[in-house]
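Participant:
Protein chains: 2
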Amino acid sequence: MKKLINSVDTVLSESLQGLLATHGDILSLGEDFKFVRRRDVVRTKVALISGGGSGHEPLHVGFVGRGMLDAACPGQVFTSPTPDQMVAAVDAVSGAPGTLFIVKNYEGDVMNFEMAAEMVAGPVASIIVDDDIAVKTSPHSTGRRGVAGTLAVERIVGAAAEQGRDLETLAALGRTVNMRTRSMGVALTSCTVPAVGRPTFSLGEDEMEMGVGIHGEPGCRRQRMASADEIADELLTPVLDDLAPPRGTPCLLIVNGFGGTPMMELYLMANSAARILAAHGLILARSLVGSFVTSLEMAGCSLTVTTMDEEALALWDSPVHTAALRWEAPGLAQA
Amino acid sequence: MKKLINSVDTVLSESLQGLLATHGDILSLGEDFKFVRRRDVVRTKVALISGGGSGHEPLHVGFVGRGMLDAACPGQVFTSPTPDQMVAAVDAVSGAPGTLFIVKNYEGDVMNFEMAAEMVAGPVASIIVDDDIAVKTSPHSTGRRGVAGTLAVERIVGAAAEQGRDLETLAALGRTVNMRTRSMGVALTSCTVPAVGRPTFSLGEDEMEMGVGIHGEPGCRRQRMASADEIADELLTPVLDDLAPPRGTPCLLIVNGFGGTPMMELYLMANSAARILAAHGLILARSLVGSFVTSLEMAGCSLTVTTMDEEALALWDSPVHTAALRWEAPGLAQA
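Going line by line, the protein sequences match chains A and B. When we follow full-length UniProt numbering, the leftmost residue of the first sequence carries the number 1, and every step to the right adds one. When we follow full-length UniProt numbering, the leftmost residue of the second sequence carries the number 1, and every step to the right adds one.
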């Protein structure tokens, strides 16, 4: 295992300190590294709190800031945060309008956020994100897993929270965005959890894991390496079959690298994906290409489609200022 | 070789099409993929044009836009663009105030930009960026190589060009920024050029290449893997020795991943680097952490320090809108 670390015990705490050294203008760190929060706490709005195992950066800590999350609770690598972390985050950022938990659908995360919800005083609601259509169940989840589509939920609901909408409205919006979001991923290599020290799985020289999860969980099949166009088609066909959007629907496309994939390949995949969307008569209204929901140094990518309406587009375009996403004004994918 | 591509011959053109599908609001593509340019051409300012071999994305094409480059000419992977590309870019974006070429110090790039400078009509000046202090010469360069510090030059000079400064002033500013910028990198793995199909070099299970170039060129020594703190120290000590900044100097720190390095490790390296700067009595005034000047899927990172003054800080903070860097307002590293 070759990694830029000092010791497996301090990977998380040192990485969070580095995040703070880089983004101290917008972020603060909770005691004992329990959470990362917005530096400018706004207790007059619903607080959005997410979290999960680390190793997926920039998700979630890189999505904390104006127009997205109010706090994120980082667990150890690929390990759920504990309920006391969420409780501490609520204490730090939530006010009378309450708290919305955004939870990826993994058993540990769901259970710990549920426990936290029972422990806090004010109003709390939760959204479970389960956008990964590759498998029905997995070693870590009952039902579909939450993967890169979480970004779309956090961004769109985060924008709406910034506008002052109430808890019930935001929870409903989040569930709608989740229902309109599907993802599927492929791995070309494994990743190595620091505390384990060896690759999570192994792939042959000419193999890929189709439908892989973001912890390197098995996908739906292992198959021979294929071309980018074929891979894009294998990833997007089930996504579009499941969403079944009418022709002319505006879509958000997220081409997400898993951590070890060059930008050159991600843009190439974006080109393949854009052609497929066009062939289905869909509008590529917004797109995001980069490594946003990662699996340490895993090579591969996922494709996410969220079907958008006028409201979702306006929320997506509104100002956001986090470590990983930042804009003031709309950016059209194809102007 | 496992890559998300269709064929080695079309990697560049398909990747550029994907870039355009994603950022068509701010970018346009030249005929025959000769260049990527700002969509809104401003011929009343000095045009900044850069370029170089592809495989380093987002450099340079991801740095085209308001407040940075007016155009970038992408060569094939790790191969210089040809003079006709620069000439076509000048035709497309330059006006009476002239053109400034920003060139990384590699023999092919320097030669081809020089030839282009002789072929175009209007005023032209060039800046050679040579921030890599690892080696005095290399297989591709006479003198120091141009690496991640190119980002600092393109950003600061790009901001000044946007303010309407003249060609001579901008060239002088660029040379000053280059002189105040030093970088050094380390590789934990090799990368594979698509057209070659096998890794550029090989490293043992416990080895790293200290001082590696961004094409996988040999560095100054191959050594046993070390801790993040030790690596940060080995990278920054020569950088700071060479720059010899007085205590209290405000610095820009760039922690740059080479393409296969997780964000978690880059933030951890940022933490190590920030501690070293503090120990030298330097001010971490601005910092940037991410994969900006890459070597395909190589694992490893480089550290860049630019010593800043009030002018450089103001230019750094001014609005920028490119595919890879985007902000409207200042962002302090430590507010």
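Quick reminder that beta carbons are idealized off the backbone N, C-alpha and C, glycines included.
Can you find a C-beta in chain A that's less than 8 Å from the C-beta of K2 (chain B)?
Facilitator: Walking along the second sequence from the start, residue 2 (chain B) turns up at place 2. Yes, K2 (chain B) lies at the interface with chain A (some Cβ there is under 8 Å from its Cβ).
Participant: How big is the Cα-Cα spacing for V124 (chain B) and A159 (chain B)?
Facilitator: Counting from one through the second sequence, the residue named residue 124 (chain B) turns up at place 124. Counting from one through the second sequence, the residue named residue 159 (chain B) turns up at place 159. Between V124 (chain B) and A159 (chain B), the C-alpha separation is close to 18 Å.
Participant: What in chain A is Cβ-close to P301 (chain B), meaning under 7 Å?
Facilitator: Walking along the second sequence from the start, residue 301 (chain B) turns up at place 301. In the sequence on display, residue 301 (chain B) carries Cys and not Pro. Within chain A, the residues near C301 (chain B) are L4.
Participant: Is it buried or exposed for S272 (chain B), if we count other Cβ within 10 angstroms and need 16 for buried?
Facilitator: In the second sequence, residue 272 (chain B) corresponds to position 272, counting from 1. Buried: at least 16 other Cβ atoms inside 10 Å.
Participant: Who are the Cβ neighbours of residue 336 (chain B) in its own chain at under 7 Å, not counting the five residues just before and after it?
Facilitator: The shown model of chain B, from 1 to 335, leaves out residue 336 (chain B), and the question about it has no answer.
Participant: Counting only runs of 4+ residues fully inside the segment 156-205 of chain A, write out the alpha helix (DSSP H) ranges in chain order.
Facilitator: Entirely contained in the segment 156-205 of chain A, the alpha helix (DSSP H) runs reaching 4 residues are, in chain order, 167-179.
Participant: For the alpha helix (DSSP H) holding L268 (chain B), just list the boundary residues, first then last.
Facilitator: By 1-based counting over the second sequence, the position of residue 268 (chain B) is 268. It spans M263 to A279 - the alpha helix (DSSP H) in which L268 (chain B) sits, taken as one unbroken run.
Participant: For V11 (chain A), would you say it is in contact with chain B, using Cβ-to-Cβ distances shorter than 8 Å as the test?
Facilitator: Residue numbering aside, residue 11 (chain A) sits at position 11 when the first sequence is read from its first letter. Closer than 8 Å: yes.
Participant: So A191 (chain A) and S295 (chain A) are supposed to be a Cβ contact under 8 Å. How far apart are they, rounded?
Facilitator: Here residue 191 (chain A) refers to the residue found at position 191 of the first sequence. Here residue 295 (chain A) refers to the residue found at position 295 of the first sequence. Going by the sequence as given, residue 191 (chain A) is Cys instead of Ala. C191 (chain A) to S295 (chain A), Cβ: 5 Å. Contact.
Participant: Going along the segment 187-207 of chain B in order, which residues come within less than 7 Å of chain A, judged by CB to CB distance?
Facilitator: Cβ contacts with chain A come from L188.
Participant: On the DSSP bridge assignment, give the partners of R145 (chain B) in chain order.
Facilitator: Here the question's residue 145 (chain B) lines up with position 145 in the second sequence. Bridge partners of R145 (chain B): none, in fact.
Participant: Starting from L19 (chain A), find everything on chain B with Cβ-Cβ shorter than 7 Å and list it in chain order.
Facilitator: Sequence index remark: in the first sequence, residue 19 (chain A) carries index 19 (1-based). Neighbours of L19 (chain A) on chain B, chain order: Y267.
Participant: Could you check the C-alpha separation between V120 (chain B) and L203 (chain A) for me, to the nearest Å?
Facilitator: Translated into positions along the second sequence, residue 120 (chain B) becomes position 120. Translated into positions along the first sequence, residue 203 (chain A) becomes position 203. Roughly 51 Å separates the two Cα atoms.
Participant: Give a yes or no on contact between the segment 85-92 of chain B and the segment 26-37 of chain B, applying the rule of three or more CB pairs nearer than 8 Å.
Facilitator: Verdict: yes, contact present.
Participant: If you drop the 5 nearest sequence neighbours on each side, which residues of the same chain put their C-beta closer than 8 Å to that of M263 (chain A)?
Facilitator: Against the first sequence, residue 263 (chain A) aligns to sequence position 263. Excluding positions up to five away in sequence, the list reads G257, V289 and G290.
Participant: Distance cutoff 8 Å, beta carbons only. Does E328 (chain A) sit that close to anything in chain B?
Facilitator: Along the first sequence, one-based indexing puts residue 328 (chain A) at 328. True, the Cβ-Cβ gap to chain B drops below 8 Å.
Participant: Which residues in chain A have a C-beta closer than 7 Å to the C-beta of residue 342 (chain B)? List them in chain order.
Facilitator: Since the first residue of chain B shown is 1 and the last is 335, residue 342 (chain B) is not available in this structure.
Participant: If the cut-off is 9 Å on Cβ atoms, which residues from the segment 70-101 of chain B count as contacting chain A, listed in chain order?
Facilitator: The residues in question are V77.
Participant: Residues of the segment 290-322 of chain A with a CB closer than 7 Å to any CB of chain B: list them in chain order, please.
Facilitator: Listed in sequence order: T294, L296, E297, A299 and C301.
Participant: So the candidates are B:L188, B:A148, B:A314 and B:R43; which of them puts its Cα closest to the Cα of I207 (chain B)?
Facilitator: Here residue 207 (chain B) refers to the residue found at position 207 of the second sequence. The sequence given here places Glu at residue 207 (chain B); Ile does not occur at that position. Out of B:L188, B:A148, B:A314 and B:R43, B:L188 has the C-alpha closest to the C-alpha of E207 (chain B).
Participant: For F101 (chain A), which three-state DSSP category applies?
Facilitator: Position 101 of the first sequence, counting from 1, holds the residue named residue 101 (chain A). Strand, per DSSP.
Participant: Given a cut-off of 8 Å, decide if S287 (chain A) and L253 (chain A) are closer than it, judged by their beta-carbon atoms.
Facilitator: Here residue 253 (chain A) refers to the residue found at position 253 when the first sequence is read from its first residue. Here residue 287 (chain A) refers to the residue found at position 287 when the first sequence is read from its first residue. Yes, they are a contact pair.
Participant: Taking the alpha helix (DSSP H) that I231 (chain A) falls in, what are its first and last residues?
Facilitator: For the purposes of this step, residue 231 (chain A) is taken as residue 231 along the first sequence, with counting starting at 1. A228 to L243 is the extent of the alpha helix (DSSP H) around I231 (chain A).
Participant: Which residue comes first and which comes last in the beta strand (DSSP E) that contains N6 (chain B)?
Facilitator: As a working note, residue 6 (chain B) is residue 6 in the second sequence. Careful: N6 (chain B) lies outside any beta strand (DSSP E) and carries neither H nor E.
Participant: To the nearest angstrom, how far is the alpha carbon of V193 (chain A) from that of G75 (chain A)?
Facilitator: For the purposes of this step, residue 193 (chain A) is taken as the residue at position 193 of the first sequence. For the purposes of this step, residue 75 (chain A) is taken as the residue at position 75 of the first sequence. One C-alpha to the other measures close to 13 Å.
Participant: Could you list the residues in the segment 27-61 of chain B with a C-beta less than 7 Å from some C-beta on chain A, going in chain order?
Facilitator: Under the 7 Å Cβ criterion, the segment 27-61 of chain B contributes S54, G55, E57 and P58.
Participant: Nearest to G108 (chain B) by alpha carbon, out of B:L69, B:M68, B:F78 and B:A279?
Facilitator: Taking the second sequence and counting its residues from 1, the one referred to as residue 108 (chain B) is at position 108. Out of B:L69, B:M68, B:F78 and B:A279, B:F78 has the C-alpha closest to the C-alpha of G108 (chain B).
Participant: Which residues mark the beginning and the end of the beta strand (DSSP E) in which L252 (chain A) is found?
Facilitator: Here residue 252 (chain A) refers to the residue found at position 252 of the first sequence. Here the beta strand (DSSP E) through L252 (chain A) covers P250 to G257.
Participant: Please return the same chain residues whose Cβ sits closer than 7 Å to the Cβ of A285 (chain B), not counting the five positions on each side in sequence.
Facilitator: Here residue 285 (chain B) refers to the residue found at position 285 when the second sequence is read from its first residue. The answer, listed in chain order, is P250, C251, L252, M308, L313 and A333.
Participant: Less than 8 Å between C-beta atoms, sequence neighbours within five positions excluded: which residues of the same chain meet that for A92 (chain B)?
Facilitator: Position 92 of the second sequence, counting from 1, holds the residue named residue 92 (chain B). Closer than 8 Å at Cβ, skipping near neighbours: G30, F35, R37, V41 and A71.
Participant: With distance defined between alpha-carbon atoms, name the residue in A:L20, A:T22, A:P139 and A:G52 nearest to residue 377 (chain A).
Facilitator: Residue 377 (chain A) lies beyond the stretch modelled for chain A, which goes from 1 to 335, so this question has no answer here.
Participant: Per DSSP, which one or two residues make a beta bridge with R221 (chain B)?
Facilitator: Counting from 1 along the second sequence, the entry for residue 221 (chain B) is found at position 221. Its beta-bridge partners are B:M210.
Participant: Return the CA-CA distance between M298 (chain A) and S318 (chain A), expressed in angstroms with no decimal places.
Facilitator: As a working note, residue 298 (chain A) is residue 298 in the first sequence. As a working note, residue 318 (chain A) is residue 318 in the first sequence. Straight-line Cα distance between these residues: approximately 32 Å.
Participant: Taking C73 (chain B) as the reference, give the member of B:E154, B:S50 and B:T306 with the closest Cα.
Facilitator: To locate residue 73 (chain B), count along the second sequence from 1; it is residue 73. Looking at the Cα atoms, B:S50 is the closest of the given residues.
Participant: Given that S287 (chain A) touches chain B, what residues does it touch there, using C-beta distances under 8 Å?
Facilitator: In the first sequence, residue 287 (chain A) corresponds to position 287, counting from 1. Chain B residues near S287 (chain A): A21 and T22.
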